[in-house]
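Novice:
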Amino acid sequence: MINFRYFSSIVTGLILISNVCTAQNPLIRDQFTADPSARVFGDKVYVFPSHDILATEGKGRKDWFCMEDYHVFSSVDLTNWKDHGTIVEQNKVPWVKPDGYSMWAPDCIERNGKYYFYFPSIPKDTINYKKGFTIGVAIADKPEGPYVTEPKPIKSVSGIDPNVFIDKDGQAYLYWSGGNIFAAKLKENMTELDSEVKILENLPAKGLKEGPYVFERNGIYYLTYPHVENKIERLEYAIGDNPLGPFKVAGVIMDESTTGCWTNHHSIIQFKKEWYLFYHHNDFSPEFDKARSIRADYLHFNPDGSIQKVIPTLRGVGITKATDIIQIDRYSEISKEGVSISFLDSQNTFNGWKTTFNKSGGSIQYKAVDFGKKKLKSIVVKASSEKGGILQIASKGKKQTIIAEVTIPKGSNWAEIKSPLLKFESGIQDLAVISKNKNQVELDWIKFE
């Protein structure tokens, strides 16, 4: 059982000292993040997630979603992520209930050099606003802020999960959810509606629908959304030829979580000719699915425009430099027997995971490692083995080539062991780590020098 009180204090400390996260899935590894809205601004991807924290006495509702602020993260390579810090805080927004802890899924879009950040929360004014959530806007000159919040939320909008889409003709649309999925045109000032509110019809009538995200590709408008078909959310989509529909349900983007995480929430972008699905899962909090972490995986289309189902991975996206620390536990493939993954420290899961080998021939694979052109000479492995063990590292192209063999000395403590490379393979390679004896070996990470 995770000690959440200790866990929370560690998280706070990590946030104070770290603003760069190097990760696969999950993308951010020093705090909880959920509901990722990914956007391409310039040559970077920016992600605007919600920020799960753990409710404590007098701070949020126990055993429920608890959020009080928003961060923004950016990356040029989808591997190294920079935390730009807090951009909007509950207790600094004039209209937000100060003890609501309900800064749920946001979105952000650029227009005419300004960045408009949309976020839902509970208003403290219960006379002029309907009971429940409404949606506000904060505006900045740069994606990372600083953002200045509008004094009042958007008029005539009640609900959560704002999403904004700007069509090729320049017309902007706001989408949100609250029982149904709603849409309306936005004025050019991006802070006021410019049409009546429309309920998007022809979507599943039963089960929760929320989290709309709209994009256009090759003349097809895609309305994507989480939907509870059975007991937990899966990601679905509908298509149409107009931003306001009508839409026709077309399929499933991602199935329900196999480990039971109740929610999923997503965004879809194209970056450097590739398409990506951003979503979330409770990686760092397997026993509590209200503390989630954002992920990304590749997304592909069929020739007719339909979306191929995305199978979630730990490896995620991006290319890892061979000279960086490679968290091999974020694997692409793993043996059915002889290899397992577990937390390094179950009391502080942000320390990450380890790979345990306990059978000769057990292997784990990690795709897309860039060895560059300059010859590397050695490998460093952080590992431990009470009885001692041997790990082989192989590059995997058309054939598998052993490039190093590392002997792990006897002992219960973690050690960094350096071994020479037997062969250097330049360029981008897939890697495999293979156990060569039956003794148990625990592996934290590898890197090349």
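Numbered per my numbering, the sequence shown spans residues 17 to 465.
Backbone N, C-alpha and C fix where the C-beta goes; we use that ideal spot for every residue, glycine too.
Enumerated in chain order, which unbroken segments of the beta strand (DSSP E) with a length of 3 residues or greater are wholly contained in the segment 87 to 129?
Specialist: Listed in chain order, they are 96 to 105 and 123 to 127.
Novice: The beta strand (DSSP E) that contains PRO481, what's its start and end?
Specialist: Residue 481 is absent from the structure shown; the chain starts at 17 and stops at 465.
Novice: Please state whether DSSP places THR365 in a helix, a strand or coil.
Specialist: Residue state, collapsed to three classes: helix.
Novice: For the 8 Å Cβ check, are there 3 or more pairs between the segment 100 to 120 and the segment 131 to 140?
Specialist: The segment 100 to 120, when compared against the segment 131 to 140, does touch it at the 8 Å Cβ threshold.
Novice: LYS370 and GLU402 look like a contact to me (Cβ under 8 Å); what is the Cβ gap, rounded to whole Å?
Specialist: 14 Å between Cβ atoms; not a contact.
Novice: Where do the ends of the beta strand (DSSP E) carrying VAL422 lie?
Specialist: Taken as a continuous stretch (DSSP letters only), the beta strand (DSSP E) holding VAL422 covers 416 to 424.
Novice: Please work out which residues of its chain come closer than 8 Å, Cβ to Cβ, to SER174, disregarding the five sequence neighbours upstream and downstream, and give them in chain order.
Specialist: Taken in chain order, the residues that qualify are TYR145, LYS146, GLY148, PHE149, THR150 and GLY194.
Novice: Taking only the alpha-carbon atoms, compute the straight-line gap between GLN363 and ARG45 and give it to the nearest angstrom.
Specialist: If I take the Cα positions, the gap works out to 15 Å.
Novice: Output the distance between the C-alpha atoms of ILE335 and THR102, rounded to the nearest integer angstrom.
Specialist: C-alpha separation (whole angstroms): 28 Å.
Novice: Pick from LYS108, VAL422 and THR339: whose alpha carbon is nearest that of PRO436?
Specialist: Answer by Cα proximity: VAL422.
Novice: Taking HIS100 and SER91 to be in contact with their CB atoms under 8 Å, please state how far apart those CB atoms are, rounded to whole angstroms.
Specialist: That pair is no contact at about 11 Å.
Novice: Let me know the secondary structure DSSP gives ARG308 once reduced to three states.
Specialist: Correct three-state label for ARG308: coil.
Novice: Report yes or no: do three or more beta-carbon pairs, one from the segment 443 to 459 and one from the segment 400 to 420, lie closer than 8 Å?
Specialist: Enough Cβ pairs lie closer than 8 Å, so yes.
Novice: Rounded to whole angstroms, what's the CA-CA distance from ASN107 to GLU252? Just pull it up for me.
Specialist: ASN107 and GLU252: Cα-Cα distance of roughly 35 Å.
Novice: Whole angstroms is fine: what's the gap from ILE285's alpha carbon to TRP192's?
Specialist: Taking the straight line joining both Cα atoms gives about 19 Å.
Novice: Would DSSP call ASN246 helix, strand or coil?
Specialist: Three-state result, ASN246: coil.
Novice: DSSP three-state label for GLN187, please.
Specialist: DSSP places GLN187 in coil when its eight states are reduced to three.
Novice: Tell me where the beta strand (DSSP E) around LYS264 begins and ends.
Specialist: First-last of the beta strand (DSSP E) with LYS264: 264 to 270.
Novice: Going along the chain, which residues of its own chain have a beta-carbon closer than 6 Å to the beta-carbon of GLU249, five neighbours each way excluded?
Specialist: Correct list, in chain order: PRO242, THR279 and ASN280.
Novice: What's the call for SER507, buried or exposed, on a 16-neighbour Cβ count within 10 Å?
Specialist: Outside the shown range of the chain (17 to 465) lies residue 507, about which nothing can therefore be said.
Novice: Would you call the segment 373 to 390 and the segment 340 to 356 touching, i.e. three or more CB-CB distances under 8 Å?
Specialist: The segment 373 to 390 is in contact with the segment 340 to 356.
Novice: Contact defined as beta carbons within less than 8 Å: I believe ALA71 pairs with PHE294. What is the distance between those atoms, to the nearest angstrom?
Specialist: Between PHE294 and ALA71 the Cβ distance is about 25 Å, and since that is not below 8 Å, they are no contact.
Novice: Could you tell me which of THR275, TYR292 and GLY276 sits nearest to SER283, measuring between CA atoms?
Specialist: With distances taken between Cα atoms, SER283 lies closest to TYR292.
Novice: Give the C-beta separation of LYS49 and ILE310 to the nearest angstrom, bearing in mind that I take them to be a contact with Cβ-Cβ under 8 Å.
Specialist: Looking at the sequence itself, residue 49 is Thr, so the reference to Lys does not match. Between ILE310 and THR49 the Cβ distance is about 5 Å, and since that is below 8 Å, they are a contact.
Novice: Determine the closest residue to ASN453 out of ASN374, PHE198, TYR382 and ASN205, with distance taken between C-alpha atoms.
Specialist: Looking at the Cα atoms, ASN374 is the closest of the given residues.
Novice: Who are the Cβ neighbours of ILE418 in its own chain at under 7 Å, not counting the five residues just before and after it?
Specialist: Result list for ILE418: GLN408, ALA410 and LEU438, in chain order.
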